[in-house]
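Sequence order for the protein chains is P and S.
For any residue, its number in this note's numbering is found by taking its place in the first sequence, counting from 1, and adding 558.
For any residue, its number in this note's numbering is found by taking its place in the second sequence, counting from 1, and adding 658.
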Amino acid sequence: MEVLQLILNGLMAGTVLAVPAIGLTAIFAVLRFTNFALASHMTIGAFAGFIANTTFGLPIVPALAAAFVVAGIIGWMSDEFVLRPLRASGFVTTAIGSIALTIALENFVRFGFGNQMRGYDLPLRRDWVISGLRVSPQQFENLLIAIVVVAMLFAFLSMTRTGKAMRAVADNPMLASIKGINSDMVARLVSFIAMGLAGLGGMLSGLDTTIDPLVGFRTILSVFAAAVVGGLGSIPGAVVGALVIGVGEELSLLVLTPAYRTAVGFIAILLVLTFRPRGILGQRAY
Amino acid sequence: MKGLNRRKVLKLAAATAAVGTMPVRAYAQAEPLRVGILTPLTGAGGNDGPRMLKAMQAVFEEVNKAGGVLGRRIETVVEDDQTNPEAAVRAARKLIEVNKVPVILGTWASAVTAAVAPVCWESKTFLMTVSGADTITLLPHQGFLIRTQPNSKLQATSHGEFVASLGSKRVAVIGIQAPFALPTKEHLDTLLKAKGGAVVSHVIYEKDKTTYRSEIDQAMRSNPDFLYLNGYAPDTVVLLRDLYRANINLGKFCQSYAVPQATLDTMPPEVSEGVMTGQPSADVESTAYRSACARLGVKEIDGYEAQATDWASLTVLTIAKAKEASGVALKENVRKISQGSGEKVYNAIDGLKAIAAGKEINYEGASGPCDFTDIGDISGCRFRYMKVAKGKLEFLKLV
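Quick look at the structure:
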């Protein structure tokens, strides 16, 4: 029973982790760099959703949409004006630039909202107990929201012309360009969607706890671990990676004290990179 | 550059060197006395750091208005330790090596202080802190460190007596990974055992997690009748929410810094209902406390603001007593103004006047008597216990 409860807890945590992890991996697939600015966009999304929820009184789902749109727009702008000029200097420069960008953006949020923690206007519900297993209604809703978002993204990538163009650029930018796909437009779209997902993920994780300017920074290492374990660049891989990290961290409690929980994600990275350098599902975008 | 030759270059260099020395001498008279402030303005301590900073600046401003110390204005150089040891060490190095400060005031988290302290004692810079872990004053700091916060032993003993007074016998400790985690649990266990109880489980968790459901399950397996939550604000909020969701209605105790009013406001009131908190109390009946409140223009200040007020006053008075602003002077003279049989003074201005009049002084602070042991601990302190009712902190008792 204890193992089942741990697996359940891990799946809940992993699913929420999957949303921003998809963002990170999508940017890598198309733009070929690890965009650590994802952390601050998680924070921006969490705060945008917070304003939508507490100032404008919107329920959670429209507030999540606000989180997606605001983080997406800022993600597109920050890529267009800050990171894009750096891309000519290579992968490492752009990734380092994204770290600087995330710290700058995080401090903008701090400047505007201060350091204190804030909570969404949301009643806190007791856990459901089903056959001895405890499930939090909020976490269950988060799970459903995350599944719907991921399903919509997969449908977009596989069924729409724009989605297919994005996959084409991710698979082979040169060939896509010869076929007349505007790779700049695809890059902008990817930045918007990926950072929108980051914002959504930031708000989802805040719904369960509280938010402050460090909400994204706290999660980014686990998000990064999920994307790498699943295969950096593979969108289904990010989902698999997030679930592996989520469940792995929880199951580790059977043999380790909780103080070492984060180490599990990084041991997983080491193992995967050693035995399967391209991650569990490899690097194909889709 | 055509007309330059060896002689001209030498003359120019000599003239520049001569000019260079003149303004330095003229400026030295008015050169401000720099004091380093290293509080957490961000991170888990971001709620307390800015208020501590204000409290210190208010004292220095008052002293500057009264003419400064040793005829020099006090200038604060403020850095953010980010509640992060690595960032704190970088900031401390900058304060010491670039700003040449003789003293650093303000480290908050024990892990931060443990990292910054060696940088300070190696460079003979004095450090004043609120970190409570026992290990802090056991470091080989050669006297370059004092703290106004009671150590883990003093805190855990008082908390243990409080918990035992509630009739609890089986206490589960759920705490963050920090230098104070293990000593607190051990002191708590010793005290409870003497009262017929015990710590029945101890779970140490990592910071920055979005859920602690499994940690709570682990702690609950030992069937406790009371929970002692030993974390910082961001993680304690997560713990309290998870405890509420799991329908666990045991008595709960937290450090007051983990659930300040601002944190309570982020939670539905039913989540925090009945949580009890304890904190080293400012000496609310003292003259120093009232004068600190007046200086900040507020009705009451908390233990951290009171301690920060005391650091600023101790710094000024020690420098005045030693007639020298260096880390060594602070180390050798701080106890000459903080304890002993001298005239009791309750703020920096009165202390400066007394020192100028050639009197011996004993500074009695806003946070307490400010008497330090040889290793830099305070010898005693009061504790204030509060209880949360309908989302607000209510006073329980002062011990």
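All C-beta atoms, glycine included, are put in the ideal place defined by N, C-alpha and C.
Count the other CB atoms within 10 Å of the CB of N705(S); is the residue buried (16 or more) or exposed (fewer)? Here residue 705(S) corresponds to residue number 47 of the second sequence, with the count starting at 1. Its Cβ being crowded by 16 or more others within 10 Å, N705(S) is buried.
Query raised in the report: Is DSSP giving G729(S) helix, strand or coil here?
Result: The residue given as residue 729(S) occupies position 71 in the second sequence. In the structure shown, the three-state DSSP call for G729(S) is coil.
_Chain-order list of residues whose beta-carbon lies under 8 Å from that of L622(P) (same chain, five-residue window excluded)_ = The residue you call residue 622(P) lines up with position 64 of the first sequence. Same-chain partners within the cutoff: G607, I703, L758, M761 and L762.
Starting from the Cα of G630(P), find the closest Cα among V727(P), M753(P) and V619(P) and give me that residue.
-> Working through the first sequence from its first residue, we reach residue 630(P) at position 72. For G630(P), the closest of V727(P), M753(P) and V619(P) by C-alpha to C-alpha distance is M753(P).
**Q.** Exposure of I754(S), with buried meaning 16 or more beta-carbon neighbours within 10 Å
**A.** To locate residue 754(S), count along the second sequence from 1; it is residue 96. With 16 or more Cβ atoms within 10 Å of its Cβ, I754(S) is classed as buried.
Could you give the DSSP three-state label for T832(P): helix, strand or coil?
As a working note, residue 832(P) is residue 274 in the first sequence. Residue state, collapsed to three classes: helix.
- Query: beta strand (DSSP E) containing S939(S): first to last residue?
  - Reply: On the second sequence, position 281 is the one that residue 939(S) refers to. Annotation for S939(S): the continuous beta strand (DSSP E) segment containing it runs M934 to S939.
**Item:** Rounded straight-line distance, which links the Cα of K1045(S) to that of M925(S)
**Value:** Position 267 of the second sequence, counted from the start, is the residue given in the question as residue 925(S). Position 387 of the second sequence, counted from the start, is the residue given in the question as residue 1045(S). Inter-residue distance for M925(S) and K1045(S) is about 15 Å (C-alpha atoms, whole angstroms).
inquiry  = Once DSSP output is grouped into helix, strand and coil, what is the label at T765(S)?
reply    = Counted from its first residue, the second sequence places residue 765(S) at position 107. Of the three classes helix, strand and coil, the one that applies to T765(S) here is strand, per DSSP.
request  = Since I believe V829(S) is in contact with G855(S) (beta carbons under 8 Å), could you give me their beta-carbon distance rounded to a whole number of angstroms?
outcome  = As a first step, residue 855(S) is located in the second sequence; it is residue number 197 there, counting from the start. As a first step, residue 829(S) is located in the second sequence; it is residue number 171 there, counting from the start. That pair is a contact at about 7 Å.
Worksheet entry | Cross-strand partners of K1002(S) (DSSP beta bridge) | Locating residue 1002(S) in the second sequence gives position 344, where the first residue counts as 1. According to DSSP, which records beta bridges pairwise, K1002(S) is partnered with N1020(S).
| Along chain S, which residues have their Cβ under 8 Å away from the Cβ of N567(P)? | By one-based count along the first sequence, residue 567(P) stands at place 9. Simply T869, R871 and S872.
- request: Kindly indicate if chain P contains any beta-carbon less than 8 Å away from that of N888(S).
  value: Here residue 888(S) corresponds to residue number 230 of the second sequence, with the count starting at 1. No, N888(S) does not count as interfacial toward chain P.
query: Using the beta-carbon of each residue, which ones in chain P are nearer than 8 Å to A920(S)?
result: As a first step, residue 920(S) is located in the second sequence; it is residue number 262 there, counting from the start. Annotation: Cβ neighbours of A920(S) in chain P (cutoff 8 Å, chain order): Q674 and M675.
Report task. Output the residue ranges of the beta strand (DSSP E) runs that lie fully inside the region 910 to 991 of chain S and measure 3 residues or longer, sorted by chain position. Result -> As far as the region 910 to 991 of chain S is concerned, its whole beta strand (DSSP E) runs of at least 3 residues are 934 to 939.
| message | Output needed in chain order: residues of the region 683 to 713 of chain S with a Cβ under 8 Å from some Cβ in chain P. | response | Taking 8 Å as the Cβ-Cβ cut-off against chain P, the residues of the region 683 to 713 of chain S that qualify are L699, T700, G701, G704, N705 and P708.
(Q) Buried or exposed, going by whether 16 or more other CB atoms sit within 10 Å of the CB of R993(S)? (A) Here the question's residue 993(S) lines up with position 335 in the second sequence. Classification of R993(S): buried, given that the 10 Å Cβ count is 16 or more.
| Using 8 Å as the limit for Cβ to Cβ distance, is V747(S) near chain P? | The count along the second sequence starts at 1 and reaches residue 747(S) at position 89. Cβ-Cβ to chain P under 8 Å: no for V747(S).
Check: Which partner residues does L696(S) have in the DSSP bridge list?
Finding: Start at 1 with the first residue of the second sequence, and residue 696(S) comes out as number 38. DSSP output for L696(S) lists E737(S) as bridge partner(s).
Original post:
Using the rule of at least 16 other Cβ atoms within 10 Å of the residue's Cβ for burial, across every protein chain shown, is M732(P) buried or exposed?
Top reply: Locating residue 732(P) in the first sequence gives position 174, counting from the first residue. The residue in question, M732(P), is exposed, as its Cβ has fewer than 16 Cβ neighbours within 10 Å.
Could you tell me the boundaries of the beta strand (DSSP E) in which N888(S) lies? On the second sequence, position 230 is the one that residue 888(S) refers to. Unbroken beta strand (DSSP E) run through N888(S): F884 to N888.
Quiz prompt | Within 8 Å, strictly: CB atoms of E819(S) and L846(S) | solution = Here the question's residue 819(S) lines up with position 161 in the second sequence. Here the question's residue 846(S) lines up with position 188 in the second sequence. Cβ distance not < 8 Å, so E819(S) and L846(S) don't count as in contact.
Check your understanding: Can you find a CB in chain P that lies within less than 8 Å of the CB of N742(S)?
Key -> Residue numbering aside, residue 742(S) sits at position 84 when the second sequence is read from its first letter. Chain P, which has no Cβ nearer than 8 Å to the Cβ of N742(S), makes this no.
- chain S partners of R684(P), CB-CB under 9 Å? For the purposes of this step, residue 684(P) is taken as the residue at position 126 of the first sequence. Those within 9 Å of R684(P) in chain S are Y902, R903, A904 and N905.
Could you give the C-beta distance for D739(S) and V770(S), rounded to a whole number, given that I count them as a contact under 8 Å?
-> Counting from one through the second sequence, the residue named residue 739(S) turns up at place 81. Counting from one through the second sequence, the residue named residue 770(S) turns up at place 112. The Cβ separation is near 5 Å, so the contact holds.
Original post:
In whole angstroms, what separates the C-alpha of T679(S) from that of S944(S)?
Top reply: Reading the second sequence from its first residue, position 21 is the one you call residue 679(S). Reading the second sequence from its first residue, position 286 is the one you call residue 944(S). Below a pLDDT of 50, predicted positions are generally treated as unreliable, and T679(S), at 49, falls in that range; no measurement from the model is reported.
Taking only beta-carbon positions, decide if H845(S) is within less than 8 Å of chain P. As a working mapping, residue 845(S) is identified with position 187 in the second sequence. Answer no: the Cβ-Cβ gap between H845(S) and chain P never drops below 8 Å.
| Which of helix, strand or coil does DSSP assign to Y870(S)? | The residue given as residue 870(S) occupies position 212 in the second sequence. Annotated three-state conformation of Y870(S) is coil, per DSSP.
Helix, strand or coil at I862(S) [DSSP, three-state]: On the second sequence, residue 862(S) is found 204 positions in, with the first residue counted as 1. Note: I862(S) maps to strand in three-state DSSP.
Buried or exposed (CB count within 10 angstroms, at least 16 for buried), E1052(S) | Against the second sequence, residue 1052(S) aligns to sequence position 394. The residue in question, E1052(S), is exposed, as its Cβ has fewer than 16 Cβ neighbours within 10 Å.
Q.
Under 8 Å, Cβ to Cβ, is there at least one residue of chain P near T679(S)?
A. Translated into the one-based positions of the second sequence, residue 679(S) becomes position 21. Low confidence applies here, because T679(S) scores a pLDDT of 49, under 50, leaving its location unreliable and the question unanswered by this model.
_Neighbourhood of G806(P) by C-beta, 8 Å cutoff - its chain only, sequence neighbours within 5 removed_ = Mapped onto the first sequence, residue 806(P) falls at position 248. Around G806(P): G568, V822, G823 and A826.
Test: T815(P) CB closer than 8 Å to a CB of chain S: Position 257 of the first sequence, counting from 1, holds the residue named residue 815(P). Yes, contact with chain S.
(message) Using a Cβ distance threshold of 8 Å, determine whether the region 967 to 984 of chain S contacts the region 711 to 722 of chain S, with at least three qualifying pairs required.
(response) Contact holds: three or more Cβ-Cβ distances are below 8 Å.
Practice task
Go ahead and pull the three-state DSSP assignment for R828(S).
Solution key: Translated into positions along the second sequence, residue 828(S) becomes position 170. Strand at R828(S).
Should A595(P) and S636(P) be called a contact, given that it needs their Cβ atoms to be closer than 8 Å?
Along the first sequence, read from residue 1 onward, the residue named residue 595(P) stands at position 37. Along the first sequence, read from residue 1 onward, the residue named residue 636(P) stands at position 78. A595(P) is a Cβ neighbour of S636(P), given a cutoff of 8 Å.
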